[in-house]
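Line by line, the protein sequences give chains U and B. Numbering-wise (the numbering used here), the first sequence opens with residue 13 and increments by one. Numbering-wise (the numbering used here), the second sequence opens with residue 13 and increments by one. Accompanying notes for the structure given below.
2 protein chains.
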Amino acid sequence: MTLSEAREELKRLEMEEFAYGYAMGSLHYDGETGAPRDTYIPRGKALGILSGVGYQLATGERSERLLDALSEHMDELTSAERRTVELRQKDLRELKSIPMDEYVAYRELLNESHIVWTGAKERDDFASFEPVLQKIIDANRRFAALAAPDTDPYDYCLDKYEEGLTMERCDRFFGVLRDKLVPLIEKVKRAEAPDTSLLGVNFPLDRQEKLSYKLMDLLGLDRSRCRLGTTEHPFTLDLSKYDVRITTHYYENAFASSMFSVVHEGGHALYELHTVDEYAYTGLGGGVSMAVHESQSRFFENIIARSRPFCEHIWPTLVELCPELGKYSAKDFYRAVNTSKPSLIRIEADELTYSLHIMVRYELERAFMHGELEARDLPSAWKELYRKYLGVEVPDDRSGVLQDSHWSGGQIGYFPSYALGSAYGAQIVAKMKETVDVDECVAAGDLSPVCAWLEERIWRHGKLYKPTELIENAMGAPFDAKFYTDYLEAKMAAVYRF
Amino acid sequence: MTLSEAREELKRLEMEEFAYGYAMGSLHYDGETGAPRDTYIPRGKALGILSGVGYQLATGERSERLLDALSEHMDELTSAERRTVELRQKDLRELKSIPMDEYVAYRELLNESHIVWTGAKERDDFASFEPVLQKIIDANRRFAALAAPDTDPYDYCLDKYEEGLTMERCDRFFGVLRDKLVPLIEKVKRAEAPDTSLLGVNFPLDRQEKLSYKLMDLLGLDRSRCRLGTTEHPFTLDLSKYDVRITTHYYENAFASSMFSVVHEGGHALYELHTVDEYAYTGLGGGVSMAVHESQSRFFENIIARSRPFCEHIWPTLVELCPELGKYSAKDFYRAVNTSKPSLIRIEADELTYSLHIMVRYELERAFMHGELEARDLPSAWKELYRKYLGVEVPDDRSGVLQDSHWSGGQIGYFPSYALGSAYGAQIVAKMKETVDVDECVAAGDLSPVCAWLEERIWRHGKLYKPTELIENAMGAPFDAKFYTDYLEAKMAAVYRF
């Protein structure tokens, strides 16, 4: 195969892989957005077949021959092509070590587990979910052993969501957080808590929806390529850089929930929508890792939207949509949405205690990937760690171990990315402020300089660089968790008037 | 290949075809139910790839070898297997005559044309749709010439939606309708028109939605396998017998529009949901033809839901949901929803003038498939035929040639099925009444005996029989359009008190 033949073949193969990925993503989206319950059966059969073809495309002889051909011309390849070869080789090696029938069965299992988990959470019935969760854990243990026999099985999981992330890095990072944040949390506990009653006003759902679109426009999200839907749990699905779906959930008496989830998912969407066009339909399209992704989503959610200037800017809109808020001020709103209090639900947690929720999940995942816990042990282990880290009593599994969809979706190793991404965000904004007057932009409701900065340094590059490389280039320095703890200290001082 | 190997291979092939059909159907559904405008671009690329694979599955060597193997054992095959072979052979022959790149390009064209047509209709701008429509017409002419060189090109189109249907049969059928219905329409014109003001009451959208679910329950639709959505144009999509989607459109001041569309699409859904389980995931699953399909949908919409007993039964629900209706009676409702008046929009047309709308489309399709009209000629030809057949002036293309989605979806030859299906329905109910007291069931709100009758004779058989065979078996006699004209005469006499 000549180099130009290999390039053509790569293009064809990547386009086919795009088509299967797009179709499977659409089926998942459909399953999450109102497809009737029992339709998971035909959907599972279709997903089984399609994922089998996806497996063959990634691991088959055609892919091997192509990689061999490209490898022979390594010196002539562009950096994008070299990175593509590197990513495909890793994928091929890992995937091929898992027998195809097991891979397909696992995909079908995940389709089913979503339904089982949804029902279990609704009925607060962990027992009905336990056997499926055990199968998911078993499959992940087995895949780790097959795909990376010389690697710690949990390191293998972490690497899937953040290339190069290890327990060692996590432990160090969480250690810094613990040292700095535990005393800060104590300090906050002793301070006078802001009044949060404004968060419970009745905010009609159709008005909340209007607010969502206002927020999407503020973020500069192109609505001809980005759809907002409603689901039980907010998420972002990147079907293509030309087709991104975000979802939210509206609660009449908790408007901040949908408000900040729209901004959070909007941050994910911005990243996906702004990869350079030439990576669309290729293996380099889309965000590079989950920590980098969360660095964008949690940046917009917390550093931007929970900032004083943003709260001031959006306040008139909030009062217009919900006149009952008129008796409060923008400052009340700012303090209320930054109030810190150890709580039960991760996605509703404040910035300060958020990482503790992550640490609980990190410890549990590590334990079950190491065979120290089984599915049946998780509810009580969960409760114990919430008592230990957050000092709260978990009253039931619905607000405990069943709250998140990640494990039912097979996403073991994802959680640390949330905390790491949050910390990346704090260091990114420090760097950004060297050249962009972020506060002034936010106050003026013009986020375009902020977005342009991120697009140039992060979004446009897709998967071209390794996550650490990308993020360190953007930050202009190695990662340092101190930016994050400093940021949280400053914010708490402002909110609690230390 | 032994017979049992061939049977295994058929099962595998059909399951793969199911998966691709399911995925492509889901993508279409997504495209119709709110996917942002510009996402048609990635969706088109994915559909192009998937339809290419679908083409290869149907026409490739693997399929040919399988059909050869099965044909060698024809005597040992079950009737279902023989029918499967027959249908696959026809498909293979016709599809293979069309080059794959043209087939894929056509699928991509249809994906794009939906967007173009939607925009053209919104802006009443036929000119923007004309080039795409011309391409669709050209492709259909070419495919007809390639796939069935010895058949009239429009007969080829008709046969795709109703196996065995020809212009000759259509002409005969429409001739009977014209002879009987034109004088009846004249008679109705001279009679005193019922008061239809009740159809314009303000019926809040959320109440209309409640009504939809009530209607679905009345029809016995299993909501764990059948989803109701909202779209610009109501439709039914059968992804599987375990996953059927129906849609409606709500208008605040025209509740009957969504009410009867839910029953219409519900009739399609009942048919799809009740094929026997053993045909699921096979080529015999789902309804056999569009005329048989419309015989079910229009049966429930008109013969059942526009009947006097149904209007009486549903009336208290309507008044409860919309108290403004309290000043009218069930009889007023019955007369209003059966009022006949030549009008512009097919899907809003009354039963009596409905077939005239179909005849317009039939004549136009026949003309352009015969090369006697081009896309640019259609707006004026449409207006002329509406003047001739319905005596109405078409004020713009939005309520003229752009009203239906069929041509933009490549569905040329579908329209006659609506009229033919309506007529089948009238003959079916006559037969059904020999053993089921239809009026009493409807009055009691218990449609299960009606559904059981249809399931036994029609629904369960999927594509096992040819449409004519199936329908004549159900009716116990050859098709006779007189049942339909008699039915319409009796109904008009009741409504207009001749």
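Beta carbons: idealized from backbone N, C-alpha and C, even for Gly.
Spatial neighbours of residue i in its chain, beta-carbon cut-off 6 Å, leaving aside the 5 residues before and after
i        : result
Arg239/B : Arg257
Phe141/U : Val128, Trp129 and Ala132
Gln146/B : Ala387
Ala81/B  : Met13 and Ala18
Partner residues on chain B for residue i, Cβ-Cβ distance less than 7 Å
i        : result
Thr51/U  : Arg237, Tyr254 and Asp255
Ile61/U  : Met27, Glu28 and Ala31
Pro490/U : Simply none; closest approach about 37 Å.
Ala35/U  : Ala35, Leu39, Ala58 and Leu62
Leu251/U : Pro54
Residue from the options with nearest C-alpha to residue i
i        : options                                   : result
Val65/B  : Gly43/B, Phe30/B, Leu466/B and Ser392/B   : Phe30/B
Gly412/B : Ser392/B, Gly421/B, Met13/B and Lys147/B  : Ser392/B
Tyr283/U : Arg237/U, Trp471/U, Tyr52/U and Ser341/U  : Trp471/U
Asp289/U : Leu466/U, His473/U, Lys395/U and Asp234/U : His473/U
Met56/U  : Asp255/B, Tyr340/B and Ser307/B           : Looking at the sequence provided, one finds Gly at residue 56/U rather than Met. Closest option to Gly56/U, Cα to Cα, is Asp255/B.
Gly60/B  : Glu21/B, Leu385/B and Asn123/B            : Asn123/B
Met271/U : Glu324/U, Cys169/U, Leu296/U and Tyr225/U : Tyr225/U
Leu15/U  : Gln423/U, Arg94/U, Ala379/U and Ala58/U   : Arg94/U
Leu189/B : Phe495/B, Phe510/B and Ala506/B           : Phe495/B
Glu501/U : Lys199/U, Leu39/U and Phe185/U            : Lys199/U
Ala505/U : Ile197/U, Ala266/U, Tyr166/U and Thr90/U  : Ile197/U
Glu264/U : Leu231/U, Leu223/U and Leu79/U            : Leu223/U
Arg358/U : Asp451/U, Ala281/U, Val372/U and Val97/U  : Val372/U
Tyr401/U : Thr163/U, Val194/U and Ala58/U            : Val194/U
Val144/B : Ser420/B, Thr163/B, Leu217/B and Ser429/B : Ser420/B
Start-to-end residues for the alpha helix (DSSP H) that takes in residue i
i        : result
Cys453/B : Val450 to Ala455
Ile127/B : Met112 to Arg135
Asp103/U : Ser91 to Lys108
Ser75/U  : Glu73 to Glu84
Gln146/B : Phe138 to Ala159
Thr480/U : Pro479 to Met487
Cys334/B : Cys334/B -> no alpha helix (DSSP H), and no H or E assigned at all.
Phe185/U : Met179 to Arg202
Boundaries (first-last residue) of the beta strand (DSSP E) holding residue i
i        : result
Arg472/U : Here Arg472/U belongs to no beta strand (DSSP E), and DSSP marks it neither H nor E.
Gly241/B : Cys238 to Thr242
Asp250/B : Thr248 to Ser252
Ile258/U : Asp255 to Thr260
CA-to-CA distance, residue j to residue i, given in whole angstroms
i        : j        : result
Ala117/B : Leu25/U  : 19 Å
Arg19/U  : Asp362/B : 60 Å
Asp416/B : Val128/B : 13 Å
Arg74/B  : Gln101/B : 13 Å
Arg320/B : Ala205/B : 17 Å
Ala156/B : Tyr52/U  : 38 Å
Leu356/B : Ala160/B : 35 Å
Asp449/B : Cys463/B : 12 Å
Glu324/U : Phe215/U : 19 Å
Ser109/B : Leu158/B : 6 Å
Tyr366/B : Asn314/B : 11 Å
Thr178/B : Leu170/B : 6 Å
Glu446/B : Gly457/B : 20 Å
Lys192/B : Tyr173/B : 26 Å
Partner residues on chain U for residue i, Cβ-Cβ distance less than 8 Å
i       : result
Pro42/B : The amino acid at residue 42/B is misidentified as Pro; the sequence shows Asp. Simply Ser38, Tyr41 and Asp42.
Pro48/B : Arg235, Ser236, Arg237, Cys238, Arg239 and Asp255
Neighbouring residues, chain B, relative to residue i (Cβ below 9 Å)
i        : result
Tyr293/U : Pro54 and Lys57
Tyr118/U : Chain B residues near Tyr118/U: none, gap ~17 Å exceeds 9 Å.
Cβ neighbours of residue i in the same chain (closer than 7 Å, five flanking residues each side left out)
i        : result
Asp409/U : Asp136, Phe138 and Pro391
Arg237/U : Tyr254, Asp255, Val256 and Leu285
Thr287/U : Lys253, Gly297, Gly298, Trp471, Arg472 and Gly474
Asp234/B : Leu285
Same chain, Cβ closer than 8 Å to residue i, neighbours up to 5 away in sequence not counted
i        : result
Asp492/B : Gln439
Glu375/B : Leu397
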